[in-house]
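If you want the working numbering, it's the position in the sequence shown, counting the first as 1, plus 490. Yeah, the Cβ is synthetic: ideal placement off N, Cα and C, and Gly gets one too. Quick caveat: nothing in here was measured; it's all calculated off a predicted structure.
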Amino acid sequence: MTTLKPINDLNLPLELSSTETIKHSKWWRLSLVLIVIVLVAEVAWLSQNYWLAKTTVRQVINPILAPMGYTLRRPVLITSWQINRLGIQVNPYDNRVWQGQAVLAHRADILQPWPTLELTLRDWQGRTIARGLLQPAQYLPAKLPARYAADALIAYNEPVLIRFAIRLPTQTDGLTAAVEQVELRAVQP
């Protein structure tokens, strides 16, 4: 009967390289974490207008940045403004001046500054007769509360009746062209 030698007595060539493997896997893990951080940061940077327009994101990030003296840039969302019930008529005392009114409100989740409005009047052939930019101080009624001031930030879905006037240029015969189409839209300031 043969007796087996204990494992401790065997002279086997045994190489342990576990320390190198651990170092290698730590570097791989660190590289992977770094790549993921870079990708998340890039996606966040490229979609910043979307995220900065979210109220909850701003409420979380603003207190973090405030002690450092930073504030988040507020995206101006021109496409969120809605103009309803646009009406325009000739001033009864001066037929070269047209007066208009409309209801202005925005549909963004965050506070927005009043937009600059572009008013365009066209004749029956679609040619532009007059075009003008209206700043908030020009179209906001004077008796609005302070929260609707021209430099205020406006909350979601707070409609305001605005009023404006535009003077038409006179033609060579001293008359003004007939207005057939009116367009009022928000534009970048």
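Are there 16 or more other CB atoms within 10 angstroms of the CB of residue i, so buried, or fewer, so exposed?
i: residue 626; result: buried
i: residue 536; result: exposed
i: residue 664; result: exposed
Would a C-beta distance cut-off of 8 Å place residue i and residue j closer than the cut-off?
i: residue 640; j: residue 630; result: yes
i: residue 527; j: residue 676; result: no
i: residue 573; j: residue 598; result: no
i: residue 666; j: residue 586; result: yes
i: residue 650; j: residue 634; result: yes
Shortest alpha-carbon distance to residue i belongs to which of the options?
i: residue 637; options: 616, 601, 666, 655; result: 601
i: residue 621; options: 581, 607, 550; result: 607
i: residue 615; options: 579, 672, 525; result: 672
i: residue 668; options: 580, 595, 623; result: 580
i: residue 678; options: 618, 628, 565; result: 565
i: residue 648; options: 571, 543, 562; result: 571
If we ignore side chains and look at the alpha-carbon of each, how far apart do residue i and residue j end up?
i: residue 490; j: residue 540; result: Here the chain comprises residues numbered 491 to 679, so residue 490 is not present and cannot be evaluated.
i: residue 521; j: residue 533; result: 18 Å
i: residue 603; j: residue 548; result: 16 Å
i: residue 551; j: residue 529; result: 20 Å
I'd like to confirm the pairing. Which residues does DSSP put opposite residue i in its beta bridges?
i: residue 628; result: Residue 628 is not bridged to any residue.
i: residue 644; result: 602
i: residue 657; result: 587
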